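Taken in sequence, the protein lines are chains A and B. For what it's worth, UniProt numbering labels the leading residue of the first sequence as 1, then goes sequentially. For what it's worth, UniProt numbering labels the leading residue of the second sequence as 1, then goes sequentially.
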Amino acid sequence: MTRRIIIVGGGVAGTMVANRLAKSMENEVYNGELEIVLIGDTGKHIYQPGFLFMAFNEGFLEQFAREEKYLLHPKVNFVMDAARHIDVDRKRVITGKQSFDYDFLVIATGSYPDMESVPGLAAGGHTFYTPEGAERLRYEMLNFQGGTLLVTIDVPHKCPVAPLEFIFMADDYYREAGIRNKVQLKYTYPIGRVHSLEPVAKWAVKEFEKRGIEYETFFNLEKVDPEKRIAYNMDGSEHPYDLLIAIPAHRGARVIQDSGLGDEDGFIPTDRYSLKMEGQDCVYVIGDATDLPVSKAGSTAHYEADVVVRNLISELKGLPATHRYNGKAFCFIETGLNEATYITFNYKQPPQPVPPSEMLHWFKLSYNEMYWLSARGIL
Amino acid sequence: MSEVNITKTIDARGSYCPGPLMELVKAIKRGQIGDVYELLSSDNGSAKDVPEWVNKMGHELVYCREDGDFWRIAVKKTK
Ligand SMILES: Cc1cc2nc3c(=O)[nH]c(=O)nc-3n(C[C@H](O)[C@H](O)[C@H](O)COP(=O)(O)OP(=O)(O)OC[C@H]3O[C@@H](n4cnc5c(N)ncnc54)[C@H](O)[C@@H]3O)c2cc1C
Numbered sequence: 001m002t003r004r005i006i007i008v009g010g011g012v013a014g015t016m017v018a019n020r021l022a023k024s025m026e027n028e029v030y031n032g033e034l035e036i037v038l039i040g041d042t043g044k045h046i047y048q049p050g051f052l053f054m055a056f057n058e059g060f061l062e063q064f065a066r067e068e069k070y071l072l073h074p075k076v077n078f079v080m081d082a083a084r085h086i087d088v089d090r091k092r093v094i095t096g097k098q099s100f101d102y103d104f105l106v107i108a109t110g111s112y113p114d115m116e117s118v119p120g121l122a123a124g125g126h127t128f129y130t131p132e133g134a135e136r137l138r139y140e141m142l143n144f145q146g147g148t149l150l151v152t153i154d155v156p157h158k159c160p161v162a163p164l165e166f167i168f169m170a171d172d173y174y175r176e177a178g179i180r181n182k183v184q185l186k187y188t189y190p191i192g193r194v195h196s197l198e199p200v201a202k203w204a205v206k207e208f209e210k211r212g213i214e215y216e217t218f219f220n221l222e223k224v225d226p227e228k229r230i231a232y233n234m235d236g237s238e239h240p241y242d243l244l245i246a247i248p249a250h251r252g253a254r255v256i257q258d259s260g261l262g263d264e265d266g267f268i269p270t271d272r273y274s275l276k277m278e279g280q281d282c283v284y285v286i287g288d289a290t291d292l293p294v295s296k297a298g299s300t301a302h303y304e305a306d307v308v309v310r311n312l313i314s315e316l317k318g319l320p321a322t323h324r325y326n327g328k329a330f331c332f333i334e335t336g337l338n339e340a341t342y343i344t345f346n347y348k349q350p351p352q353p354v355p356p357s358e359m360l361h362w363f364k365l366s367y368n369e370m371y372w373l374s375a376r377g378i379l
Numbered sequence: 001m002s003e004v005n006i007t008k009t010i011d012a013r014g015s016y017c018p019g020p021l022m023e024l025v026k027a028i029k030r031g032q033i034g035d036v037y038e039l040l041s042s043d044n045g046s047a048k049d050v051p052e053w054v055n056k057m058g059h060e061l062v063y064c065r066e067d068g069d070f071w072r073i074a075v076k077k078t079k
């Protein structure tokens, strides 16, 4: 009898799980004992860090996109259709055209930045967190002649270092354009320092001061007046802007909310070690889709994929799922044009800063290409 | 101590990034006036960070106490 694993979502997490599983269970997939179905709502696989480069007119979407079907192992059955309903009681996923029963399900539907999360934001602000947003921002950045560029950040959001990278790149960009003296850069952050990780916050503040970037802590955007161009903080203070760039609160995918599987933001209650959906023995959740208090990042998805694949293999072989996720995350941080550092931590180990080096900068640059090997399950 | 009705407990133990306070901010922003959120944090910094944020943003600290090797901090959304 053929057993079927369904993976919903063909982003970082879903693609890695599908490919690694197919490779590890090659005999079973070739002799028909195991079917791996990946349901994805788009044929294009996009490397999201590329959005940053698009906003600064340093690249176009095509450079950061590949055809999903060519990234996948030939024995992964790729269904290009949005999942409309996930029924965990009947162990079934329903798309626009078909219905699939599963033995095991992996939910990897990611998260999306919700510009509707704050009144007035969609009309008054921009974001580089979506391909359309980054494309629109490219023109705004190119045409900006001066004034206040305000960056606001809400929780939860993916890639906790991208907003910092953005403001440093903006500084370089307007210096190069020769109008930095007309551009006031203002960075804000919800809590009492400029980044949740203390070593990163300390480094960033020094950098802000060196570069003349203003910053405001305890900033929690509550409302935007698009006509007057004012951003309102939770404490009642008003912040005028000329160009507002927001990293808004993210939500889990709509299908999660529509299927009643998530919390109020559409994130799925997940066991922090086993990565199983709470109360569901045959459902794993991975990547941005979980409600875990870990960074929403590609690296997190990568480490989680390891655990989910090993547990699936165990379970398919009739063994218990004993592999545990230890909360590991890893992030490169560009500390200038020619140097980078990284930070890594897990549930037990706080991050320790590592001295920046040129080699790490080159390693980060090469990862932009190596990513495609990771997605294929090779790296 | 009087009974507090907790709307939701947020287990942010072992969280470094985004970290316990950011988890609380998320809940407060999403919640209703009068809701009480209890944060569990294994980061000693939370005992200082959270009350400071609550004070700045004008919400109410219900309690902040150590419970074995972690902190229990409850905050009421007041506006
Ligand atoms: C500007 C930017 C910079 C970033 N930089 C970094 C970085 O430097 N390092 C890092 O580690 N991370 C970075 N990230 C974060 C990283 O891209 C995400 O955390 C990662 O993609 C999460 O993987 P995922 O598989 O959970 O979700 P995604 O990769 O977003 O994939 C989810 C997939 O599910 C699909 N889907 C959703 N709903 C349905 C449905 N109903 N049916 C079928 N399919 C569905 C979506 O179309 C998508 O393909 C960055 C993100 C951004 C936006």
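Glycine included, C-beta positions come from ideal geometry on N, C-alpha and C. Since this is a predicted model, take the numbers as computed values, not measurements.
- Look at A/Met277 here: in three-state DSSP terms it is strand.
- Here A/Thr322 carries a coil assignment [DSSP, helix/strand/coil].
- Contact between A/Pro351 and B/Tyr16 holds: CB atoms are separated by about 6 Å, below the 8 Å threshold.
- If you draw a straight line from the Cα of A/Arg138 to the Cα of A/Glu62, it comes to about 15 Å.
- Under the 9 Å criterion on CB atoms, B/Trp71 is classed as non-interfacial with respect to chain A.
- When DSSP states are grouped into helix, strand and coil, A/Lys202 belongs to the helix group.
- B/His59 sits in coil when the DSSP states are folded into three classes, being neither helix nor strand.
- What A/Met234 touches in chain B, judged by beta-carbon distance under 7 Å, is Met57, going in chain order.
- Counting C-beta atoms within 10 angstroms of its own C-beta, A/Phe219 has 16 or more neighbours from the protein chains shown and is therefore classed as buried.
- Our two residues, A/Gly266 and A/Gly178, have alpha carbons roughly 44 Å apart in a direct line.
- Following the DSSP letters along the chain, one finds A/Gly147 inside the beta strand (DSSP E) bounded by residues Gly147 to Ile153.
- Contact annotation: B/Val54 and B/Val75 have beta-carbon atoms nearer than 9 Å.
- For A/Asp306, the enclosing alpha helix (DSSP H) begins and ends at Gly298 to Leu316.
- Proximity of B/Glu38 to chain A, defined by a Cβ-Cβ separation below 9 Å, is not satisfied.
- The beta-carbon of A/Phe345 is placed less than 9 Å from the nearest beta-carbon of chain B.
- Counting only runs of at least 4 residues, the stretch 172 to 232 of chain A fully encloses the following alpha helix (DSSP H) elements, listed from N- to C-terminal order: 198 to 211.
- Annotation: the continuous beta strand (DSSP E) that includes A/Met80 extends over Val76 to Met80.
- With respect to A/Tyr102, A/Ile247 sits apart: the two C-beta atoms are not nearer than 9 Å.
- Spatial neighbours of A/Leu379 in its own chain (CB-CB distance under 7 Å, excluding positions within 5 residues in sequence) are listed in chain order as Met370 and Leu373.
- Counting along the chain, A/Ile5 sits inside no alpha helix (DSSP H); it lies in the beta strand (DSSP E) bounded by residues Arg3 to Val8.
- Judged by beta-carbon spacing, A/Gly9 lies beyond the 9 Å limit of A/Gly43, meaning their Cβ atoms are not closer than that value.
- Rounded to whole angstroms, the gap between the alpha carbons of A/Gly287 and A/Pro119 is 28 Å.
- Shown here, A/Ala253 sits in coil according to DSSP, grouped into three states, outside any helix or strand.
- Interface flag for A/Ile378 against chain B is unset, since no Cβ pair is found closer than 9 Å.
- Using a Cβ-Cβ cut-off of 9 Å, A/Val285 does not count as an interface residue toward chain B, since no Cβ of chain B sits closer than that to its own.
- Taking a 10 Å sphere around the C-beta of A/Asp235, we find fewer than 16 other C-beta atoms and assign the residue as exposed.
- Of all residues in the stretch 253 to 285 of chain A, only Glu264 and Asp265 place a beta-carbon less than 7 Å from a beta-carbon of chain B.
- Residue burial is scored here from C-beta neighbours: A/Ser295 has at least 16 other C-beta atoms within 10 angstroms and is therefore classed as buried.
- Following the DSSP letters along the chain, one finds A/His361 inside the alpha helix (DSSP H) bounded by residues Glu358 to Ala375.
- A/Val224 is a Cβ neighbour of A/Tyr232, given a cutoff of 9 Å.
- Shown here, A/Tyr47 sits in coil according to DSSP, grouped into three states, outside any helix or strand.
- Using a cutoff of 8 Å, the CB of B/Thr7 does not count as near ligand 1, since none of the ligand's heavy atoms is closer than that.
- The stretch 6 to 14 of chain B makes contact with the stretch 39 to 58 of chain B, as at least three CB pairs between them are under 8 Å.
- In the three-state reduction of the DSSP assignment, A/Val12 falls in the helix class, which pools H, G and I.
- When only Cα atoms are considered, A/Leu34 and B/Ile10 end up about 38 Å apart.
- Straight-line measurement puts the Cα of A/Ala375 at about 22 Å from the Cα of A/Lys276.
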